[in-house]
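Asks: Chains as they are written, first to last, in my numbering: chain A, 311 to 1014; chain B, 311 to 1014.
Cβ coordinates follow ideal geometry from the N, Cα and C atoms, glycine included.
2 protein chains.
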Amino acid sequence: MLLVCLFINTHLLYAQSLLGIQVISKGTPDAFTPQRFVPEQPVMAALQQLPAATLPFNPADINIRITERGCVVEIPLGADEQLYGFGMQINSFNQRGLRVRPVTNDSPLGNVGYTHAPVPMYVSNKGYAILINTLRYTTFYCGSNPRRRAIAAADSAGNNTPALSTDALYMSKDQDKGNMIVDIPGARGIEIYIFAGPDMKQAIQRYNLYAGGGVLPPLWGLGIKYRVKADFNQQQVLKMAAYFRDHKIPCDVFGLEPGWQTASYSCSYVWNTKKFPQPEQLAADLRQQHLHVNLWEHAFVNPLSPLYKPLEQRSGDFPVWKGLVPDFADSLTRNIFAAYHDTAIISKGISGFKLDECDNSDLGSADRTWSFPEASTFPSGITGEQMHQVFGNLYFRSFYQLMQQHDQRSYFDIRQLGAFASAYPAVLYSDIYEHDDYIRMIPNSGFCGILWSPEVRESGSVTELVRRTQTAVMSAQTVFNSWYLKNPPWLQYNTARNNADSLLPEATQTEQTIRQLFNFRMQLVPYLYHAFFQYAHNGIPPFRALVVDYPQDANVYNVDNEYMIGESLLAAPLTGTDSVRAVYLPAGDWYDFNTHRKYSGAQTYTIHCGFNQLPIFIKSGTLLPLADPVPYLDAAQPFNITCYAFGPGNATAGLLEDDGETFAYKQGKYNLITLSWKNGHGSMQRRGPLKAGMYKIRKWVPVL
Amino acid sequence: MLLVCLFINTHLLYAQSLLGIQVISKGTPDAFTPQRFVPEQPVMAALQQLPAATLPFNPADINIRITERGCVVEIPLGADEQLYGFGMQINSFNQRGLRVRPVTNDSPLGNVGYTHAPVPMYVSNKGYAILINTLRYTTFYCGSNPRRRAIAAADSAGNNTPALSTDALYMSKDQDKGNMIVDIPGARGIEIYIFAGPDMKQAIQRYNLYAGGGVLPPLWGLGIKYRVKADFNQQQVLKMAAYFRDHKIPCDVFGLEPGWQTASYSCSYVWNTKKFPQPEQLAADLRQQHLHVNLWEHAFVNPLSPLYKPLEQRSGDFPVWKGLVPDFADSLTRNIFAAYHDTAIISKGISGFKLDECDNSDLGSADRTWSFPEASTFPSGITGEQMHQVFGNLYFRSFYQLMQQHDQRSYFDIRQLGAFASAYPAVLYSDIYEHDDYIRMIPNSGFCGILWSPEVRESGSVTELVRRTQTAVMSAQTVFNSWYLKNPPWLQYNTARNNADSLLPEATQTEQTIRQLFNFRMQLVPYLYHAFFQYAHNGIPPFRALVVDYPQDANVYNVDNEYMIGESLLAAPLTGTDSVRAVYLPAGDWYDFNTHRKYSGAQTYTIHCGFNQLPIFIKSGTLLPLADPVPYLDAAQPFNITCYAFGPGNATAGLLEDDGETFAYKQGKYNLITLSWKNGHGSMQRRGPLKAGMYKIRKWVPVL
């Protein structure tokens, strides 16, 4: 098996490529690494089906230098390579020529590389990915700093024309000429994982498959999640649920924020019965309305918590908000944490959690120091620095093992993840709120096996609300996070007015727009569900940058505001107040989702998108199954499907049919439906052991 | 001698306090530390005169933990201690409760602690300073993160009222309760210097005296420095010089920017004779007009430079702007660098340099990577990280040794300094430009033996120009940096219009205001010169925070926009467009510099300050010697002094008399003049070996 090879003499590995994944090692690697915490076995079957690949460089040319200061790795870079990755980067996309420090932080800071989800891995458009297997704070110089060499005098000015502004002065002139330099202070040795292609997408697939394959959310995870105001009580929650159902606004998950607990900063994990006198009844009432309940929490254990005593000797030496920091690097600690949640909370009807505050404090603000210092120590021996890079992964892992034990999938919200988290059904979110950043994080998330939800909170205008909603609908998870809003933001986007019940004059019309956009989401669920299955099964990220699919098209190298959804859809969200934007469409023909207008690709268009539309383009040759909208998702209630065949040729599409909520699909308990459009006629073929149930194909519509 | 003690078993040192300076050590300290590069011997005589002091904590309670990750130092903190320092901090002042990472960076980044001048030292208002003797990037948790302890349940909420905004959520609640935690990743051992008081000021004095005492600039260094546009040629420089003299605007130094060299990014250190056909003649012409010449450069050696070959094997492995990074940690490298400058440049009539770009690139911008990576290696063995923390110190040291050899003082501009730089006659400057920050950096600089010049460049209005000029006049060095301005900014503050020769309608009037403010500076020079002598001789910083003089006054703990100048002046610069500001005056009576109006202290006043005034307050009991303004400074031309006696009592003041330009004062070749105001009569007494020359006392004026 692959895992066995990791500590073998790596010189051997230079010569052989095991399923396109090589490990190079030197010195004494750390005991605590991302690889140590990979939660799943590699998906060998899918790895074996990927084509063989040669790397564009000789791995023997990777130089690892170990000094007293740490390890420095130098990896060849081609002159025209484009680099991506490093986790869910917020304000950068194409990393070539940049210095990137992917470190867990609760917000970006300048353009350092800080992120909720640092992954020490980059992907090249030349068809490979490289992961530095470390939890230490590491800096990547992505060709930004060439080494000194014999310099031709011709390189130099000699005829000095001094710059007359700092911008002119500091324009980078030397970029794109150096190798990748990776600086890992403190390391006494290092392992390097190389995931081969031949293409970028396959390199990403290998990484995801090595980590256990991507996520398949429960079907209900693909619906709408609405988080209510933090101080709501049981009655207010139920009233809000009734509003959704009465107004026929689709919703699948209701989230409760800190107020459900007796203490929340730090956490007691105990229901506040003053506000929620009958929590089990609440959960049952909501489930009856087909609403799954998700509870907010963080990992820091308040002295009031029943978990305090059991974890007191199993925590770090620095508290957070006076609460314990459990040593999640120790499986027994995870088990204790999980067992309590299972018995006390989950068994009472709770479907999922929002795991907050696991993304350090804000390293950029001297007075925001609530999280544990990097110098913290833990009983397991992991350092505070390493813990920060893996804290979300390990925190989530407590719950993941419960899901596996109960054979029940879920779809969490989480504020930190790291490397090898592809299999974790948890979606990142953030307190930051720039819409452009929120969009950029969608294509960025796809490089490194993570998912991102550009949640909607307040807005500055109806237009902003609608544009943000469109983005949320076209993402891995559609979340409205109204933790400080009494009314849904479509009734009043302004926080103060919302909480004063001063609703918009156009509230009804705006509600109708949002309903329409949510309905689009529900229509897309069968397509999305299959795209996620491709993620789980083959490692293909359901949301990914255009460059992943078009690595040779230089026009997409810096496109960070469009992305692919599944095999055939291209999303191009709008921001600001404009009703148009520029959209680059790669080679081939494309169709507007709303108007079915056809565009020839390899060009940039100015595209209009109305409020009641989605800025989506469909590749010619696509068979797109769209469902009739439903108010909630239930695998037992069949989707009524209309199949749209875009373009003149034949086309196929897949649909996944399973129970929608267990891991049985991993044992082959699913059907794969192949929809075919051939010579103007549609047909479907079902393969698999299950009874038909999830889909009814109603109509076939050709679009030319 | 003190230096001998450093590597002695430090347990001994617990028991004995050598001149109030203790060193605690554990493990194997780094070979490269700030202490290794202290340029001067301690000023033993002055150290011996400081009073004995006991620390407010037991040094035996300092805990040093060495783990595989590095060193963690924990130092007791009193509940109500106020902490300051960490070098020239830009956007923080009172550091208590903050996390501070004093790392060399060319601009601030959030509130991380990045600075042009990182000093790993803090000063407590309880009367001591602690320096961590490291060049590693170090994080100080200034009581921000208390360790975990048995937590009373009462500490916790139990009655949860959830926050409803992120601000409310993340308000620091736990601050001010922990010890000082110092995180030094990578270190295998550490030395800690403790400078005792008994008061804050004396702790700072001990630090400065240990490092060789403060700076005494040449007399001309206290005048006005004007830097001309980077693309000026020889004629344009001379024309500008004539403007100053014709218009009777005081000036002592002219600075040339990059255009004087044949190559500047990186540097050739060779005159561009196309623009400057006769550089020696230019220097002579300017000197004849009593203008010293200062040349811009940085340390990165262009292949065109005569220094390239000699330094090629003496440099780091990463270039900067294709230029060598000399290994200044090696004294031979410094000697080569210095010798070239001496022969080729200084000997041709150049008085000083502006040492630019030694403050790393911008760690906050992924695409600003021009400087050498932290992973760089150097022949001496110093790491890139350590080099960044000491690069300015070592760069300047090349020149300092020349000054000493030639027995010629100078006053440089520099963009980076670090610990133990108190004796270096070099003043920090910056590309950042927030006026509030510029003011805050003045009191901050005084905690750690550094000087700061809040230079004036362009402005947004005449008011801004005047307020900035007032601040510059009340600082360690008055610099107008017109490197991108064709005309002086007082003729046109706007860059584009300035360079288009479109001067202000009120140019003449504004010029008159600036002339008046410059004249104030010239009037203050005798007072300032003596304040600097106190710095050199006793280690008392000439510019310092109010808390240094009033450590018991809680009202000044957070005052970062007022500061002391010398013994008796309090400066309170104005910013923005207001003509008034709030000024807190500590206990005692104070007098307005302009109106002589009297204020009772321990109160806050709203103060008006006109354009032709200085926002300065004079402590009652002060004898203030003011000179008649002169167009330039020359120790051979006596100052005509009027002595103002503020307040009803007797008063004294000091004046330093020396040659104004050599280090002879260090061998006692100076006079100290004591001015006395006693019972309504003034008198002067001169002690010292020199002939009288610098001062003529003209008048005595009582102010009541």
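Using a beta-carbon distance below 8 Å, is Val-422 (chain A) in contact with chain B?
Replies: It does: the Cβ of Val-422 (chain A) has a partner Cβ on chain B nearer than 8 Å.
Asks: Taking Glu-684 (chain B) as the query, report the chain A residues whose CB atoms sit under 8 Å from its CB, ordered along the chain.
Replies: The answer, in chain order, is Thr-449, Asp-493 and Pro-495.
Asks: List the endpoints of the continuous alpha helix (DSSP H) containing Pro-620 (chain A).
Replies: Start and end: 618-621.
Asks: Tell me Glu-384 (chain B)'s beta-bridge partners as DSSP assigns them.
Replies: Bridge partners of Glu-384 (chain B): B:Asn-373 and B:Ile-491.
Asks: As a quick exercise: from B:Pro-568, B:Thr-805, B:Val-538 and B:Asn-401, pick the residue whose alpha carbon is nearest that of Phe-554 (chain B).
Replies: Per the Cα distances, B:Val-538.
Asks: Express the C-alpha separation of Pro-613 (chain B) and Lys-632 (chain B) in angstroms, rounding to a whole number.
Replies: So the two alpha carbons sit approximately 8 Å from each other.
Asks: Over the uninterrupted beta strand (DSSP E) stretch that includes Leu-933 (chain A), give me the two end residues.
Replies: That run of the beta strand (DSSP E) goes 933-937.
Asks: To be precise: take each residue of the stretch 569-590 of chain B, compare its Cβ to all Cβ atoms of chain A, and keep it if any distance is under 9 Å. Which residues remain?
Replies: Cβ contacts with chain A: Gly-569, Trp-570, Gln-571, Thr-572, Ala-573, Ser-574, Tyr-575, Ser-576, Ser-578, Asn-582, Lys-584 and Lys-585.
Asks: Between the Cα of Ser-574 (chain B) and those of B:Val-603, B:Ser-615 and B:Asp-811, spot the shortest distance and give me the residue it belongs to.
Replies: That would be B:Ser-615, whose Cα lies nearest to the Cα of Ser-574 (chain B).
Asks: Kindly identify the DSSP beta-bridge partner or partners of His-602 (chain B).
Replies: His-602 (chain B) is bridged to B:Val-563.
Asks: Look at the alpha carbon of Glu-567 (chain B) and the alpha carbon of Glu-607 (chain B), and state the distance between them as a whole number of angstroms.
Replies: One C-alpha to the other measures close to 8 Å.
Asks: Measure the alpha-carbon distance for Ala-806 (chain A) versus Ser-812 (chain A) and round it to whole angstroms.
Replies: Looking at the two C-alpha atoms, the distance is approximately 9 Å.
Asks: In chain A, what lies closer than 7 Å to Ser-454 (chain B) by C-beta?
Replies: Ordered by position in chain A, the residues that pass the 7 Å Cβ test against Ser-454 (chain B) are Thr-679.
Asks: According to DSSP, simplified to helix, strand and coil, what is Val-835 (chain B)?
Replies: Three-state DSSP puts Val-835 (chain B) in a helix.
Asks: Would a C-beta distance cut-off of 8 Å place Gln-588 (chain B) and Gln-546 (chain B) closer than the cut-off?
Replies: No, they are not a contact pair.
Asks: Here's the rule: buried if 16 or more other CB atoms are within 10 angstroms of the residue's CB, otherwise exposed. What is Pro-352 (chain A)?
Replies: Looking at its Cβ environment, which holds 16 or more other Cβ atoms inside 10 Å, Pro-352 (chain A) is buried.
Asks: Strictly below 9 Å CB to CB, what residues from chain A border Glu-567 (chain B)?
Replies: By Cβ distance, chain A contributes Pro-472.
Asks: Could you list which residues in chain A have their beta carbon closer than 9 Å to that of Arg-409 (chain B), in chain order?
Replies: Simply Ser-671, Leu-673, Ser-675, Ala-676, Asp-677, Arg-678, Thr-679 and Pro-683.
Asks: Please report the straight-line C-alpha distance between Thr-818 (chain B) and Asn-415 (chain A), rounded to a whole angstrom.
Replies: Roughly 53 Å between the two C-alpha positions.
Asks: Any residues in the stretch 534-549 of chain B with a beta carbon nearer than 9 Å to a beta carbon of chain A? Which ones, in chain order?
Replies: The residues in question are Lys-539, Ala-540 and Asp-541.
Asks: Determine whether the Cβ of Arg-624 (chain A) lies closer than 8 Å to any Cβ atom of chain C.
Replies: The structure shown contains no chain C; its protein chains are A and B.
Asks: Name, going along the chain, the residues of the stretch 734-755 of chain A whose beta-carbon falls closer than 7 Å to a beta-carbon of chain B.
Replies: Of all residues in the stretch 734-755 of chain A, Asp-741 have a Cβ within less than 7 Å of some Cβ in chain B.
Asks: Give the secondary structure of Glu-269 (chain B) by DSSP, where H, G and I count as helix, E and B as strand, and everything else as coil.
Replies: The question about residue 269 (chain B) has no answer, for chain B in this structure spans 311 to 1014.
Asks: What does Phe-628 (chain A) touch in chain B if you count any residue whose Cβ is under 7 Å from its own?
Replies: Near Phe-628 (chain A) (Cβ distances below 7 Å), the residues of chain B are Asn-455, Arg-457 and Arg-458.
Asks: Looking at the secondary structure, which residues open and close the alpha helix (DSSP H) in which Val-333 (chain A) lies?
Replies: Here Val-333 (chain A) belongs to no alpha helix (DSSP H); instead the beta strand (DSSP E) covers 331-337.
Asks: Arg-777 (chain A) and Thr-885 (chain A): beta carbons closer than 8 Å?
Replies: Contact: yes.
Asks: With distances taken between CB atoms, is the gap from Ala-648 (chain A) to Phe-688 (chain A) smaller than 8 Å?
Replies: It is not a contact, given that the beta carbons lie outside the stated cut-off.
Asks: Please determine if the stretch 980-1000 of chain A and the stretch 921-930 of chain A are in contact, where contact requires at least 3 C-beta pairs separated by less than 8 Å.
Replies: At 8 Å Cβ cutoff, the stretches do not touch.
Asks: Quick check: Pro-430 (chain B) and Pro-412 (chain B), are their CB atoms within less than 8 Å of each other?
Replies: Contact: yes.
Asks: Spatial neighbours of Thr-962 (chain A) within its chain, please: CB distance less than 8 Å, with the 5 preceding and 5 following residues excluded, ordered by chain position.
Replies: Taken in chain order, the residues that qualify are Leu-933, Thr-984, Leu-985, Ser-986 and Trp-987.
Asks: Quick check: the Cα distance between Thr-781 (chain A) and Asp-741 (chain A), rounded to an integer number of angstroms?
Replies: Taking the straight line joining both Cα atoms gives about 17 Å.
Asks: Which residues in the same chain have their Cβ closer than 8 Å to the Cβ of Lys-487 (chain A), if we skip the five residues on either side of it in sequence?
Replies: If we look at Lys-487 (chain A) and ignore the five residues flanking it on each side, its Cβ neighbours are Ala-389, Gly-453 and Pro-456.
Asks: Could you please give the first and the last residue of the uninterrupted alpha helix (DSSP H) stretch that includes Phe-709 (chain A)?
Replies: Its alpha helix (DSSP H) spans residues 694-716.
Asks: DSSP three-state label for Thr-823 (chain B), please.
Replies: Helix.
Asks: If you compare alpha carbons, which of B:Phe-367, B:Val-858 and B:Glu-765 is closest to Gln-787 (chain B)?
Replies: Residue B:Glu-765 is the option with its Cα nearest to Gln-787 (chain B).
Asks: In terms of DSSP beta bridges, what is Arg-891 (chain B) paired with?
Replies: Arg-891 (chain B) pairs with B:Ile-917.
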